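K.L.:
So that we are looking at the same thing, I have put the structure below in structure tokens.
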Amino acid sequence: MYRQSIPLTGSFAAWRNAARSFVALGVEPQLISWSEEGAESGLFGEALTADPPAARIMVPGAFVDSAQRAICHRDPQRFALLYDMLWRLQRQPSLLEDESDALVSAIRQLTKAVSRDCHKMKAFVRFREDEANADAPRRRFVAWFEPDHNITELTAPFFASRFADMDWIIATPLVTAIFESGELSFAPTSERPPALPDPTIGLWQTYYASIFNPARLKVKAMKAEMPAKYWKNLPEAALIPELVAHAAERAAGMREAAPTEPSRRIPARGISEPHPPEEDAATLEQLAALTASCRRCPLYRNATQAVFGEGHSQAGLMLVGEQPGDREDLDGRPFVGPAGQLLDRALKEAGILRAETYLTNAVKHFKCEPRGKVRLHKSPDRHEVEHCRWWLRKEIELVRPRLIVALGGTAALSLTGVSAGVLRRRGVLERPEGLPPVFITVHPSSILRTPDRSASAQAYDDFVRDLVAAKSALAALG
Ligand code: URA
Numbered sequence: 466m467y468r469q470s471i472p473l474t475g476s477f478a479a480w481r482n483a484a485r486s487f488v489a490l491g492v493e494p495q496l497i498s499w500s501e502e503g504a505e506s507g508l509f510g511e512a513l514t515a516d517p518p519a520a521r522i523m524v525p526g527a528f529v530d531s532a533q534r535a536i537c538h539r540d541p542q543r544f545a546l547l548y549d550m551l552w553r554l555q556r557q558p559s560l561l562e563d564e565s566d567a568l569v570s571a572i573r574q575l576t577k578a579v580s581r582d583c584h585k586m587k588a589f590v591r592f593r594e595d596e597a598n599a600d601a602p603r604r605r606f607v608a609w610f611e612p613d614h615n616i617t618e619l620t621a622p623f624f625a626s627r628f629a630d631m632d633w634i635i636a637t638p639l640v641t642a643i644f645e646s647g648e649l650s651f652a653p654t655s656e657r658p659p660a661l662p663d664p665t666i667g668l669w670q671t672y673y674a675s676i677f678n679p680a681r682l683k684v685k686a687m688k689a690e691m692p693a694k695y696w697k698n699l700p701e702a703a704l705i706p707e708l709v710a711h712a713a714e715r716a717a718g719m720r721e722a723a724p725t726e727p728s729r730r731i732p733a734r735g736i737s738e739p740h741p742p743e744e745d746a747a748t749l750e751q752l753a754a755l756t757a758s759c760r761r762c763p764l765y766r767n768a769t770q771a772v773f774g775e776g777h778s779q780a781g782l783m784l785v786g787e788q789p790g791d792r793e794d795l796d797g798r799p800f801v802g803p804a805g806q807l808l809d810r811a812l813k814e815a816g817i818l819r820a821e822t823y824l825t826n827a828v829k830h831f832k833c834e835p836r837g838k839v840r841l842h843k844s845p846d847r848h849e850v851e852h853c854r855w856w857l858r859k860e861i862e863l864v865r866p867r868l869i870v871a872l873g874g875t876a877a878l879s880l881t882g883v884s885a886g887v888l889r890r891r892g893v894l895e896r897p898e899g900l901p902p903v904f905i906t907v908h909p910s911s912i913l914r915t916p917d918r919s920a921s922a923q924a925y926d927d928f929v930r931d932l933v934a935a936k937s938a939l940a941a942l943g
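Going by the working numbering, the first residue of the sequence shown is number 466, and it counts up by one from there.
This is how it looks when you write it as structure tokens:
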């Protein structure tokens, strides 16, 4: 009888080395007692000490893949099951194809559970920044996560490629992953790291609350996707009971409000005379009235109303977005939905008063595709942007801002004629002919769409930094 223990870190390599040796020595599966290092390994049995003869072991690649996953499962039988499989594969190379084999099915169950656990870890790890490290060249983040299985080593490479430009630690009850200066290492966890304060919780919760759609709530499906056992480490989960409790009432409100309560009069649909570009407006009010009946392109058909700009009529700073969203389309005002709330917050942080700016969009009608009860946002195409450019140019002419901030690619296209490469052009002043200088940055909804919290916090910080730079550029323009 042999006994073999496997460490918590480097488990697969340790198991593979031991298993190869046992195969080389011809040790049958029932003669080995496998255990996790540190666990009770049985009183009897001889440890494998001397180097066995090298053995050439042929196994299908699929076995290696599934063994790397299955070994992470907490089932105490996993090492033995895998050795059993390895042993049988030597004699029956097509074993994996036998769906009815009990061993094949047992190992498949293990790999499925581990894959699901990895998926949850990728979705639910929440980093907090270690502010004590704020002056270091690389920012440092810490996360605590409680997976069902020992998956830290398997999942950490995903985080290493996602967050390659920062240092981080992901601690789990068994193993801690440490990513420092681009090097990934692992160590058994000695204690849970202290919880760091998180100043970005508010931003994350605002984002979560804004994407929560009460009309589409399915509590069972939500709990299957985000099982309650993870909630204690998810800041957004604190909002769930309240959001769920008021969902039916909010959805009923939405059903009633959406078709009947836009805050501006909806112009009657139907054919109306297009306004030739020559038709002039001497004031913003006149221009808004002309825009309201615009039929230059078909976008008016699915929209409730045209959404004209608003703000200071002689603002030094004009901000141009893409097009009204669902909320703006119903309210008739720009930037009042989730992207607008984020923009408001960023403007405040940058020291810019929204009331002193003029906010508008490159395209005045909401481009959407009706799908049942919802209207899916669609980006305007080049022709639609071109058709609408006349209105924007006229607004610029009347407001006469000293600086324009283009929020995202559509605004940049409308103002400069070039949409590509917003990320490369951000923060730079461009001087399109006949217009005030244009400062390009990202659209606030791109920050709302950033799926994970630390990347979204970073994107938000960068956006605020751009707005601060735009403010300085405006001051420098005099
Ligand atoms: N996105 C925009 O670009 N403009 C708005 O008014 C709202 C969302």
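For each residue, glycine too, the CB sits at the ideal point set by N, CA and C.
All figures in this text were calculated on a predicted structure; none of them were measured in a lab.
#1: Taking contact to mean at least 3 C-beta pairs separated by less than 8 Å, is the segment 702-715 in contact with the segment 830-841?
#2: Can you tell which of Gly526, Ser911, Cys583 and Ala877 has its C-alpha closest to the C-alpha of Glu611?
#3: Determine the direct distance from the alpha carbon of Lys688 to that of Phe677, and round the result to whole angstroms.
#4: Take every Cβ of the segment 589-601, pair it with every Cβ of the segment 914-923, and state whether three or more of those distances are shorter than 8 Å.
#5: In the DSSP assignment, what are the bridge partners of Met783?
#6: What does DSSP give as the partner residue(s) for Phe947 in the beta ladder?
#7: Below 8 Å CB to CB, which residues in the same chain sit around Ala938 once its five sequence neighbours on both sides are set aside?
#8: Touching or not, the segment 668-682 and the segment 692-706, by the rule of three or more beta carbon pairs under 8 Å?
#9: Does the Cβ of Gln770 lie closer than 8 Å to at least one heavy atom of the ligand URA?
#10: Which residues share a DSSP beta bridge with Cys833?
#11: Are there 16 or more other CB atoms within 10 angstroms of the CB of Thr779, so buried, or fewer, so exposed?
#12: Quick check: what's the CA-CA separation for Met466 versus Trp552?
#13: List the residues that DSSP assigns as beta-bridge partners of Ser500.
#14: Spatial neighbours of Phe606 within its chain, please: CB distance less than 7 Å, with the 5 preceding and 5 following residues excluded, ordered by chain position.
#15: Any heavy atom of the ligand GTP within a distance shorter than 8 Å of the CB on His908?
#16: Considering only heavy atoms of the ligand URA, list every residue whose Cβ is less than 5 Å from one of them, following chain order.
#17: With distance defined between alpha-carbon atoms, name the residue in Asp809, Pro845, Ala876 and Glu814 nearest to Tyr765.
#18: Taking the CB atoms as reference points, tell me whether Gly874 and Ser910 lie closer together than 9 Å.
#19: Spatial neighbours of Cys762 within its chain, please: CB distance less than 6 Å, with the 5 preceding and 5 following residues excluded, ordered by chain position.
#20: Are the Cβ atoms of Ile471 and Ser500 separated by less than 9 Å?
#21: Going by the CB atoms, is the gap between Pro789 and Leu913 shorter than 9 Å?
#22: What residue ranges within the segment 882-914 form continuous beta strand (DSSP E) runs of no fewer than 3 residues, ordered along the chain?
#23: Would you decide whether Thr963 is buried or exposed? Buried here means 16 or more other CB atoms lie within 10 Å of its CB.
#24: Does the separation of the CB atoms of Phe487 and Tyr548 fall below 9 Å?
#25: So, at 8 Å on beta carbons, what are the nonlocal neighbours of Ala924 in its own chain, with the 5 sequence-adjacent residues on each side left out?
#26: Based on Cα-Cα distance, which residue from Trp609, Arg556 and Lys587 lies nearest to Pro525?
#27: Once you ignore the five residues that flank Ala940 on each side, which residues in its own chain have a CB closer than 8 Å to its CB?
#28: Do Ile572 and Ser531 have their CB atoms nearer than 9 Å?
P.N.:
Concretely, from the data shown:
#1: Because the criterion of three Cβ pairs below 8 Å is not met, the segment 702-715 and the segment 830-841 do not touch.
#2: Cys583
#3: 14 Å
#4: yes
#5: Tyr823 and Ile869
#6: Past the boundaries of the shown model lies residue 947; the chain is included only from 466 to 943, so the question cannot be answered.
#7: Only residues of its own chain outside the window of five on either side were considered, and among them Leu868, Leu894, Pro902 and Phe904 have a CB closer than 8 Å to the CB of Ala938, listed in chain order.
#8: yes
#9: Remark: the shortest separation between the CB of Gln770 and any heavy atom of the ligand URA does not fall under 8 Å.
#10: His842
#11: Sequence inspection shows Gln at residue 779; the Thr mentioned does not correspond to that position. Exposed, since its Cβ has fewer than 16 Cβ neighbours within 10 Å.
#12: 16 Å
#13: Ser470
#14: Phe592, Arg593, Glu594, Asp595, Met631, Trp633 and Ser919
#15: As for the ligand GTP, it is missing from this structure, which binds only the ligand URA.
#16: Those residues that have a beta carbon less than 5 Å away from any non-hydrogen atom of the ligand URA are, in order along the chain, Gly786, Glu787, Pro789, Gly790, Glu793, Pro799, Phe800, Ala804 and Asn826.
#17: Pro845
#18: It is not a contact, given that the beta carbons lie outside the stated cut-off.
#19: Glu849 and His852, listed in sequence order.
#20: yes
#21: no
#22: 903-906
#23: No answer is possible for residue 963: it lies beyond the span of the chain, which begins at 466 and ends at 943.
#24: yes
#25: Val907, Ser911, Ile912 and Thr915
#26: Arg556
#27: Around Ala940: no qualifying Cβ.
#28: In contact: Ile572 and Ser531 (Cβ atoms closer than 9 Å).
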